[in-house]
Structures are given as C-alpha cells and as structure tokens.
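Let me begin by presenting the structure, written as structure tokens, before commenting on it.
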Amino acid sequence: MNEARIRTKPARRRKISEIKISDGRVRVIGLVVDKKETEFTLDDGTGHLTVIFDDPAEVGDLKVGSKVSIFGTPLSVSGSNELHAEIIQIVDELDLELYNKVINEAERLECEIRGEMRHAQG
607 MNEARIRTKP
617 ARRRKISEIK
627 ISDGRVRVIG
637 LVVDKKETEF
647 TLDDGTGHLT
657 VIFDDPAEVG
667 DLKVGSKVSI
677 FGTPLSVSGS
687 NELHAEIIQI
697 VDELDLELYN
707 KVINEAERLE
717 CEIRGEMRHA
727 QG
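Quick note: the sequence shown, position 60, residue 666 per our numbering, numbers continuous.
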C-alpha cells in the first residue's frame, strides 16, 4: 500500500504584529476577544487578528476568553489581514505571560548567536 503523502510547509511562529502574507503558514497564540459563527478575533498583546474557519463545529468549545494556538494561512481581505485557520487548539492551561517571556528570550538569544557568528566569520 503506497499512499501518496502530502507534506505541508512548517508553520512559522509569529506574533500578530509580525505576520506578512508572504509568510505562508504561520502559528500564533493568543486570547479570543470576540467570536462570531465562522470567525473570531485573536489578541496576542501585539495586535488583533480576525481568524476565519470553515466549520463552526471545529470550535464548538471556543469562547471569548479562551487561549488558542492557531495554525493557518494569512490572507488580505479588503485591506485588512485575516488568518484562514487550518488547526485550532484550545490551550487554556498555557501561561501566556510566561510563554511570551520564553519566546522573547529565545528570539534575543538567536539574534545574539547570529551576531557572534557574523563577527567570527568576518
């Protein structure tokens, strides 16, 4: 049984303020601040983003105040940015403040390491 496997590109971890259409697939984590039938608004502390999805059953337990991790594709619709969700995970147990501290520290260290590597090569 040889089934063809379709590989998708890995999602890039992004803050809402950093998302670009050219990113392809992204992953964002934040707090649901508004919810409608087929969309909700996500806030990660750097901005707001409208997240759209196809099947309302996918987010049955989702409510305003839920913490979520979203994998999706950025879209530009009528001049505003949206994210078409592929995967929506409720992560209410996640400490968002601690998560953001860890991510910021990891980014700082990556920049520091890249800077040291440039100096060593130059």
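Yeah, the Cβ is synthetic: ideal placement off N, Cα and C, and Gly gets one too.
Remember, it's a predicted structure, so these values are computed and weren't measured experimentally.
**Report entry** Identified DSSP bridge partners for THR656
**Finding:** Start at 1 with the first residue of the sequence shown, and residue 656 comes out as number 50. Per DSSP, THR647, GLU688.
Report task. Return the residue from the list LYS615, LYS669, LEU681 that minimises the CA-CA distance to ASP640. Result -> Your numbering for residue 640 matches position 34 in the sequence shown. Of the candidates LYS615, LYS669, LEU681, the one whose C-alpha sits nearest the C-alpha of ASP640 is LYS669.
**Report entry** Sufficient close CB pairs (3 or more, under 8 angstroms) joining the segment 707–720 to the segment 676–695
**Finding:** no
Query raised in the report: What do you reckon, are the CB atoms on ILE694 and GLU664 nearer than 8 angstroms?
Result: Translated into positions along the sequence shown, residue 694 becomes position 88. Translated into positions along the sequence shown, residue 664 becomes position 58. Yes.
Requested in this report: Could you give the DSSP three-state label for ILE622: helix, strand or coil?
Outcome: For this step, residue 622 is matched to residue 16 along the sequence shown. In this structure, DSSP gives ILE622 a helical state, which the three-state scheme calls helix.
Query raised in the report: For VAL634 versus LEU648, is the C-beta distance shorter than 8 angstroms?
Result: For the purposes of this step, residue 634 is taken as the residue at position 28 of the sequence shown. For the purposes of this step, residue 648 is taken as the residue at position 42 of the sequence shown. For VAL634 and LEU648, yes; Cβs fall inside 8 angstroms.
Query raised in the report: Helix, strand or coil: how does DSSP classify ILE693 here?
Result: Numbered from 1 along the sequence shown, position 87 holds the residue referred to as residue 693. ILE693: strand per DSSP, three-state reduction.
Query raised in the report: First and last residue of the beta strand (DSSP E) that includes LYS641?
Result: Counting from 1 along the sequence shown, the entry for residue 641 is found at position 35. Element bounds for LYS641: 632–641.
Query raised in the report: Rounded C-beta distance between SER656 and GLU645? I'm assuming under 8 angstroms.
Result: Along the sequence shown, one-based indexing puts residue 656 at 50. Along the sequence shown, one-based indexing puts residue 645 at 39. In the sequence on display, residue 656 carries Thr and not Ser. With 8 angstroms as the limit, THR656 and GLU645 qualify as a contact, their Cβ atoms being about 6 angstroms apart.
Query raised in the report: Relative to the C-alpha of GLU692, which residue among ASP660, TYR705, LEU700, ASN706 is closest?
Result: Against the sequence shown, residue 692 aligns to sequence position 86. Per the Cα distances, ASP660.
Requested in this report: Please go through the same chain and pick out, in chain order, the residues whose beta-carbon is closer than 6 angstroms to the beta-carbon of PHE677, but skip the five residues on each side of it.
Outcome: Walking along the sequence shown from the start, residue 677 turns up at place 71. Correct list, in chain order: ALA617, ARG633, GLU692, ILE693.
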